[in-house]
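S.K.: Chains as they are written, first to last, in my numbering: chain L, 543 to 772; chain X, 543 to 772. In this text, a Cβ means the ideal position worked out from N, Cα and C, and glycines have one as well. This structure is a prediction, so every number in the text was calculated from the model and none was measured.
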Ligand SMILES: Nc1ncnc2c1ncn2[C@@H]1O[C@H](COP(=O)(O)OP(=O)(O)OP(=O)(O)O)[C@@H](O)[C@H]1O
Ligand SMILES: Nc1ncnc2c1ncn2[C@@H]1O[C@H](COP(=O)(O)OP(=O)(O)OP(=O)(O)O)[C@@H](O)[C@H]1O
Ligand SMILES: [Mg+2]
Ligand SMILES: [Mg+2]
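#1: Would you check whether ligand 4 has a heavy atom nearer than 6 Å to the C-beta of residue 586 (chain X)?
#2: Quick check on residue 715 (chain X) - is its C-beta less than 7 Å from some C-beta in chain L?
#3: With a threshold of 8 Å, are at least 3 pairs of Cβ atoms found where one atom belongs to the stretch 709–727 of chain X and the other to the stretch 648–661 of chain X?
#4: Looking at ligand 2, does it come within less than 6 Å of residue 553 (chain X), judged from the CB to the closest heavy atom?
#5: Hey, would you say residue 559 (chain X) sits closer than 7 Å to residue 582 (chain L), going by beta carbons?
#6: Could you tell me whether any Cβ in chain L is nearer than 7 Å to the Cβ of residue 499 (chain X)?
#7: With distances taken between CB atoms, is the gap from residue 578 (chain X) to residue 753 (chain X) smaller than 7 Å?
#8: Can you have a look at residue 642 (chain L) and say buried or exposed, based on whether 16 or more other CB atoms are within 10 angstroms of its CB?
#9: Can you name the residues of chain B whose CB is closer than 8 Å to the CB of residue 703 (chain X)?
#10: Given the structure, does residue 562 (chain L) come close to ligand 1, in the sense that its CB is under 6 Å from one of the ligand's heavy atoms?
#11: Between residue 767 (chain X) and chain L, is there a C-beta pair that is closer than 7 Å?
#12: Is the Cβ-Cβ distance between residue 751 (chain L) and residue 574 (chain L) less than 7 Å?
#13: Give the residues of chain L in contact with residue 687 (chain X), contact being defined as C-beta atoms less than 7 Å apart.
#14: Please return the same chain residues whose Cβ sits closer than 6 Å to the Cβ of residue 587 (chain X), not counting the five positions on each side in sequence.
#15: Give the residues of chain L in contact with residue 555 (chain X), contact being defined as C-beta atoms less than 8 Å apart.
#16: Give the straight-line distance between the Cα atoms of residue 556 (chain L) and residue 681 (chain X), rounded to the nearest whole angstrom.
#17: Would residue 647 (chain L) be called buried (16 or more neighbouring beta carbons within 10 Å of its own) or exposed?
#18: Tell me whether residue 716 (chain L), by its Cβ, gets closer than 6 Å to a heavy atom of ligand 4.
#19: For the candidate residues X:767, X:685, X:677, whose alpha-carbon lies nearest to that of residue 757 (chain L)?
#20: Which same chain residues, not among the five before or five after residue 725 (chain X), have their C-beta less than 7 Å away from its C-beta?
#21: For a cutoff of 7 Å on Cβ pairs, would you count residue 718 (chain L) as touching chain X?
#22: Can you give me the C-alpha to C-alpha distance between residue 654 (chain L) and residue 551 (chain X), rounded to a whole angstrom?
#23: Output the boundary residues of the alpha helix (DSSP H) element that contains residue 648 (chain X).
#24: What residues of chain L sit near residue 587 (chain X), judged by a beta carbon separation below 9 Å?
#25: Throw me the rounded Cβ distance for the residue 706 (chain L) and residue 759 (chain L) pair, which I believe falls under 8 Å.
#26: At a threshold of 6 Å, does residue 688 (chain L) count as lining ligand 2 (C-beta to nearest heavy atom)?
#27: Please report the residue range of the alpha helix (DSSP H) in which residue 728 (chain L) lies.
Here is the structure:
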């Protein structure tokens with residue numbers, strides 16, 4: 543469904559060369575529930591942004607359904623991002639002048655959802671992440687964990703084939719975090735593919751497949767193997 | 543050193559009245575290491591911002607060394623914030639056009655630290671949180687956990703009497719998070735008072751005093767009592 547071939551990302555800053563992602567291969571199959579864990583700065587967000595077509599690699603390619611994304615035109619990539627991929631940003635990236643509901647509605651509008659359906663769908667999504675009483679709050683009138691949950695609801699809005707979530711529970715207590723993971727597990731059982739970056743090893747162990755990153759490199763381990771997560 | 547008396551914070555939004563903090567009393571003694579935990583939206587950031595004189599209460603008062611902060615003039619409050627309190631924001635609040643080092647240096651400059659000393663102190667602080675190789679990166683060129691650590695280094699810059707940290711490890715893997723907590727514990731042993739909001743119960747249990755919040759209310763529990771953190 544989504545794969546990486548010799549995917550590499552180098553940043554150059556002043557005199558420094560940072561190998562944020564070393565050449566990497568990865569295959570994501572339809573229906574997978576994948577967790578990616580690793581230390582701060584190890585390249586997790588870099589990888590997720592490349593898979594989400596939000597960033598371009600220094601070399602190598604991302605393939606969507608076996609077709610190289612690098613070969614697609616701007617409109618096709620934008621259409622993929624809008625319709626097939628749902629991205630939860632580590633820094634949330636909400637629009638500050640819109641309310642929680644409007645932030646979700648705008649994602650629906652961009653994907654062509656008719657107006658009369660948008661309000662109901664946005665409310666239902668926000669309720670599913672516990673924000674039913676915060677629909678009319680703007681981001682600055684929400685707690686950190688509430689903003690995080692608006693970002694999650696927005697990523698789910700268009701029923702994307704693949705949900706790419708960058709630390710979706712980092713600002714949540716364990717109870718609320720578990721509720722969010724259950725929402726994702728329900729969606730996965732219903733057919734959605736999930737790739738979740740997480741520092742929370744309790745959550746990472748619940749995934750169907752687990753990848754560990756370190757210094758721009760990645761390897762797959764068995765989520766049920768307690769020694770894998772040292 | 544720092545205390546709350548009948549401290550209350552109500553937000554009014556459209557027709558809604560939100561009791562973010564119900565009338566609360568709290569005494570923070572010099573040398574305390576306090577953790578505050580609780581569900582998303584329970585009022586932790588609201589309380590911390592009131593204690594840090596960043597927000598004003600709806601009723602009640604915050605006292606600094608037994609003197610009501612509400613009675614102080616603007617300049618005195620600003621001086622307290624600058625010199626006696628170090629605040630780590632949940633959303634980091636870094637200046638995007640400045641590098642990591644400059645973000646820390648600016649805090650030192652505002653507090654009157656002479657120029658020749660600022661650069662060395664900023665570098666040393668950033669190294670202590672593992673960012674020695676990221677001094678010249680701007681926030682958008684840093685990972686989420688790296689930005690979080692810049693925010694921590696900045697709060698420590700002026701050697702404040704009280705460090706108020708809002709979720710300082712939320713974007714960090716357990717290893718890096720533990721390193722940060724050890725930095726705070728070292729500072730605490732050397733005499734600095736620490737109030738840390740955290741969702742991480744492993745970290746919360748290490749504190750000298752533990753408070754649990756729920757729906758704007760708060761109670762103190764024994765950090766060594768395993769049943770307290772259900
Ligand atoms: N635009 C950039 N320019 C230079 N270096 C960058 C840039 N963006 C990221 N980096 C560096 O690349 C490395 C990997 O960043 P990335 O955001 O992928 O880490 P991460 O694994 O998501 O970390 P965290 O867990 O802290 O979010 C980091 O060390 C970071 O400093
Ligand atoms: N400016 C505001 N206007 C209206 N409501 C607000 C405002 N700021 C915060 N709130 C509400 O007050 C409640 C407490 O917010 P607070 O940020 O203190 O929670 P928190 O315990 O820090 O949560 P988290 O763990 O998610 O960071 C939340 O439900 C939030 O929606
Ligand atoms: Mg990241
Ligand atoms: Mg908060």
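M.R.: To lay it out plainly:
#1: As a working mapping, residue 586 (chain X) is identified with position 44 in the second chain. Yes, the Cβ of residue 586 (chain X) comes within 6 Å of a heavy atom of ligand 4.
#2: Taking the first residue of the second chain as position 1, residue 715 (chain X) is located at position 173. Yes, because at least one Cβ of chain L sits closer than 7 Å to the Cβ of residue 715 (chain X).
#3: no
#4: Here the question's residue 553 (chain X) lines up with position 11 in the second chain. Taking the Cβ of residue 553 (chain X) as the reference point, at least one heavy atom of ligand 2 falls within a distance shorter than 6 Å.
#5: Looking up residue 559 (chain X) in the second chain gives position 17. Looking up residue 582 (chain L) in the first chain gives position 40. No, the pair does not count as a contact, with Cβ atoms beyond the cut-off.
#6: Because chain X here runs from 543 to 772, residue 499 (chain X) falls outside it and cannot be looked at.
#7: Your numbering for residue 578 (chain X) matches position 36 in the second chain. Your numbering for residue 753 (chain X) matches position 211 in the second chain. Yes; because the gap between Cβ atoms is below 7 Å, this pair is in contact.
#8: Along the first chain, read from residue 1 onward, the residue named residue 642 (chain L) stands at position 100. Answer is buried; the Cβ neighbour count reaches 16.
#9: Among the protein chains in the structure shown, which are L and X, there is no chain B.
#10: Locating residue 562 (chain L) in the first chain gives position 20, counting from the first residue. It does: the Cβ of residue 562 (chain L) is within 6 Å (strictly closer) of some heavy atom of ligand 1.
#11: Start at 1 with the first residue of the second chain, and residue 767 (chain X) comes out as number 225. Not one chain L Cβ lies under 7 Å of residue 767 (chain X).
#12: Along the first chain, one-based indexing puts residue 751 (chain L) at 209. Along the first chain, one-based indexing puts residue 574 (chain L) at 32. Taking 7 Å as the Cβ cut-off, residue 751 (chain L) and residue 574 (chain L) qualify as a contacting pair.
#13: Looking up residue 687 (chain X) in the second chain gives position 145. Within chain L, the residues near residue 687 (chain X) are 582, 583.
#14: In the second chain, residue 587 (chain X) corresponds to position 45, counting from 1. Excluding residues within five positions, the ones whose Cβ falls inside 6 Å are 632, 708.
#15: The residue labelled residue 555 (chain X) in the question sits at position 13 within the second chain. Neighbours of residue 555 (chain X) on chain L, chain order: 678, 679, 683.
#16: Stepping through the first chain from its first residue, residue 556 (chain L) is reached at position 14. Stepping through the second chain from its first residue, residue 681 (chain X) is reached at position 139. One C-alpha to the other measures close to 15 Å.
#17: Taking the first chain and counting its residues from 1, one reaches residue 647 (chain L) at position 105. Residue 647 (chain L) should be labelled buried.
#18: Sequence index remark: in the first chain, residue 716 (chain L) carries index 174 (1-based). Checking the Cβ of residue 716 (chain L) against ligand 4 gives no.
#19: The residue you call residue 757 (chain L) lines up with position 215 of the first chain. Nearest option by C-alpha distance: X:685.
#20: On the second chain, residue 725 (chain X) is found 183 positions in, with the first residue counted as 1. 670, 671.
#21: In the first chain, the residue the question calls residue 718 (chain L) occupies position 176. Yes, residue 718 (chain L) counts as interfacial toward chain X.
#22: Taking the first chain and counting its residues from 1, the one referred to as residue 654 (chain L) is at position 112. Taking the second chain and counting its residues from 1, the one referred to as residue 551 (chain X) is at position 9. In a straight line, the C-alpha of residue 654 (chain L) is about 41 Å away from that of residue 551 (chain X).
#23: Along the second chain, one-based indexing puts residue 648 (chain X) at 106. Here the alpha helix (DSSP H) through residue 648 (chain X) covers 642–652.
#24: Within the second chain, numbered from 1, the residue matching residue 587 (chain X) stands at position 45. Those within 9 Å of residue 587 (chain X) in chain L are 685, 686.
#25: Position 164 of the first chain holds residue 706 (chain L). Position 217 of the first chain holds residue 759 (chain L). Actually they do not touch by this definition, with Cβ atoms about 20 Å apart.
#26: Walking along the first chain from the start, residue 688 (chain L) turns up at place 146. Under cutoff, so the answer is yes.
#27: The residue labelled residue 728 (chain L) in the question sits at position 186 within the first chain. Residues 716–731.
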